[in-house]
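**Q** For what it's worth, the numbering used here labels the leading residue of the sequence shown as 86, then goes sequentially.
For every residue, glycine included, the Cβ atom is placed at its ideal position computed from N, Cα and C.
All values reported here derive from a predicted model rather than from experimental measurement.
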Amino acid sequence: MRGLATLLAIAGLALATNAQVRISEAMVNPPGSPDAGREFIEIQSCRPNFSLQGYWLIGIDGDLILLGDVVIVNPGNIHWAIDLSNYSTGANGLLLVRDGTSTLLPEPAAETTVASIVNAFTEAGMGNDSYTVALVRGFTGQPGDDIDTNDDGIIDNVLWQEAVHAFGWTDGEPTGRQYAEQLNGVNIPEDQRLRQDNTVWEPDGIIFFQNGSLIACDIGRATGAGDFG
């Protein structure tokens, strides 16, 4: 499937030599529906059986959503938060965080630690518009907290001890925000995600390489499933 998908390769900086763990792969918008139960985030450590005590995965909304004059979602809201303290990476240095217990193919290697947490990324799944996924250490917040109180795209309410790694994107709307670059991560820029009609596609799958570069995939466009975004 990846070979057929619309791919975007983005060069990135290698992680610092003292970085011990990072995001290595994610599926944020599986083709078809529902998303919930088929999304995942994979984490890789520099050595096997690495304890993730104190580490968290968090999702950060980047959209401004109004219902009339009432703000329903605003940029910088913590959408979900997963405490990884009870987990370690496997003998191959990998932890796969799943939002369901159904079997996905191909199955992960036997050496991979698999954390199956129903509704891990909320009942509806991760956001597919402007969004940021981050790996942090020492998180002190909770879902609903706002890290960008004036919605300008700048983090002004830090709720973690260390920002370890992140990726994010915006969806072409002028009010969209992403925070990945402020969290030791990578923004997937809009100008490299343009369709022929100049609309912007949102990433479905993300794969990081050892040097910090990544590939973002528009899987729905290749398979004919989903909303092609």
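1. Which stretch, first to last residue, makes up the beta strand (DSSP E) that contains PHE293?
2. Rounding to the nearest angstrom, what Cα-Cα distance links PHE224 and ASP146 in this structure?
3. Between PRO133 and the rest of its own chain, which residues show a CB-CB distance below 6 Å, the 5 nearest in sequence each way excluded?
4. Assuming contact is defined by CB atoms lying nearer than 8 Å, are LEU220 and ARG107 in contact in what I supplied?
5. Assuming THR217 contacts ALA166 (C-beta within less than 8 Å), just tell me the rounded distance between them.
6. Can you name the start and end residues of the beta strand (DSSP E) that ALA219 belongs to?
7. What are the uninterrupted segments assigned as beta strand (DSSP E) that are 3 or more residues long and contained completely in the segment 220 to 273, given in chain order?
8. Since GLN138 and SER118 should fall inside the 8 Å C-beta cutoff, what is the C-beta to C-beta distance between them, to a whole number of angstroms?
9. Where does GLY229 land, buried or exposed, given buried means 16+ other C-beta within 10 angstroms?
10. Is the beta carbon of GLY290 sitting closer than 8 Å to the one on ILE232?
**A** Looking at the atomic coordinates:
1. For the purposes of this step, residue 293 is taken as the residue at position 208 of the sequence shown. Note, PHE293: beta strand (DSSP E), 290 to 293.
2. Start at 1 with the first residue of the sequence shown, and residue 224 comes out as number 139. Start at 1 with the first residue of the sequence shown, and residue 146 comes out as number 61. Taking the straight line joining both Cα atoms gives about 17 Å.
3. If you number the sequence shown from 1, residue 133 lands on position 48. Taken in chain order, the residues that qualify are ALA176, GLY178.
4. The count along the sequence shown starts at 1 and reaches residue 220 at position 135. The count along the sequence shown starts at 1 and reaches residue 107 at position 22. Yes, these two residues count as a Cβ contact at 8 Å.
5. In the sequence shown, residue 217 corresponds to position 132, counting from 1. In the sequence shown, residue 166 corresponds to position 81, counting from 1. So it is not a contact: roughly 13 Å between Cβ atoms.
6. Your numbering for residue 219 matches position 134 in the sequence shown. Taken as a continuous stretch (DSSP letters only), the beta strand (DSSP E) holding ALA219 covers 216 to 222.
7. 247 to 254
8. In the sequence shown, counting from the first residue as 1, residue 138 sits at position 53. In the sequence shown, counting from the first residue as 1, residue 118 sits at position 33. Not a contact, Cβ separation roughly 36 Å.
9. One-based indexing of the sequence shown puts residue 229 at position 144. That one is exposed.
10. Within the sequence shown, numbered from 1, the residue matching residue 290 stands at position 205. Within the sequence shown, numbered from 1, the residue matching residue 232 stands at position 147. No, these two residues do not count as a Cβ contact at 8 Å.
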